[in-house]
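> Pasting in a structure now, in C-alpha cells, and then I'll have a few things to ask.
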Amino acid sequence: GILVPTNYSPWGSPIVPVIKKGGGVRICGDFKLTSNKFLKVDQHPLPTIESLFQKAQGSRIFARLDLSSAFQQIELNPKCHELVTITTHKGLFYYTRLPYGVSPA
C-alpha cells in the first residue's frame, strides 16, 4: 500500500486535512515542520518555448507527460521512508510513494 505502519521515526510529521476541489478530504503530512527543513531543493531553470521548438525540430515521435498528477505515483527509495512518516491517532505510518507536501517534489 501507499501507507505502511511503523513503530518509530524521528521524522514523524503531523497530518493536515485538505479539501479537494470536488469536496472530498485529502490527508497530507505537514512536512514543513520536519523533513522539509533538511531536504535540498534543486533549482532547474525552465527552458524557453523557442529552445524547446529548436530541440524538437526534425523529430517525428513526441511524448507528453502530465506530472501534475504524479503525487503518490512515484515510488520512493526505502531509504526515504522514515523521512515521510506521518503521525496519526492510529499510530505512525510512512509513505511508500511520493506524498503531497514534500518540498523537492
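Note that full-length UniProt numbering has the sequence shown beginning at 1, numbered continuously upward. The beta-carbon is built from N, C-alpha and C at its ideal position, and this holds for glycine as well. Bear in mind that the values here come from a model prediction, so they are computed numbers and not experimental data.
#1: Does the beta-carbon of residue 107 have 16 or more other beta-carbons within 10 angstroms, so that it is buried, or is it exposed?
#2: Within 8 angstroms, do at least three Cβ pairs link the stretch 39-52 to the stretch 71-78?
#3: So what's residue 35 in DSSP terms, helix, strand or just coil?
#4: Ignoring anything shorter than 4 residues, give me the alpha helix (DSSP H) runs that lie fully in the UniProt domain "Reverse transcriptase" (20-102), in order along the chain.
#5: Beta strand (DSSP E) containing residue 129: first to last residue?
#6: Find the nearest neighbour of residue 6 within the set 87, 102, 98, 20, judged by alpha-carbon distance.
#7: Residue 20 and residue 26: beta carbons closer than 8 angstroms?
#8: Determine the burial state of residue 84: buried for a count of at least 16 other Cβ atoms within 10 Å of its Cβ, exposed for fewer.
Per the coordinate set shown:
#1: As shown, the chain starts at 1 and ends at 105. That puts residue 107 outside it, with no answer to give.
#2: The stretch 71-78 vs the stretch 39-52: no contact.
#3: One-based indexing of the sequence shown puts residue 35 at position 35. Look at residue 35 here: in three-state DSSP terms it is helix.
#4: For the UniProt domain "Reverse transcriptase" (20-102), the full-length alpha helix (DSSP H) segments reaching 4 residues or more read 49-56 along the chain.
#5: Because the chain here runs from 1 to 105, residue 129 falls outside it and cannot be looked at.
#6: Stepping through the sequence shown from its first residue, residue 6 is reached at position 6. Cα-wise, what sits closest to residue 6 is 87.
#7: The count along the sequence shown starts at 1 and reaches residue 20 at position 20. The count along the sequence shown starts at 1 and reaches residue 26 at position 26. Yes, the pair counts as a contact, with Cβ atoms nearer than the cut-off.
#8: Here residue 84 refers to the residue found at position 84 of the sequence shown. Residue 84 sits buried, since 16 or more C-beta atoms from the chains shown fall within 10 Å of its C-beta.
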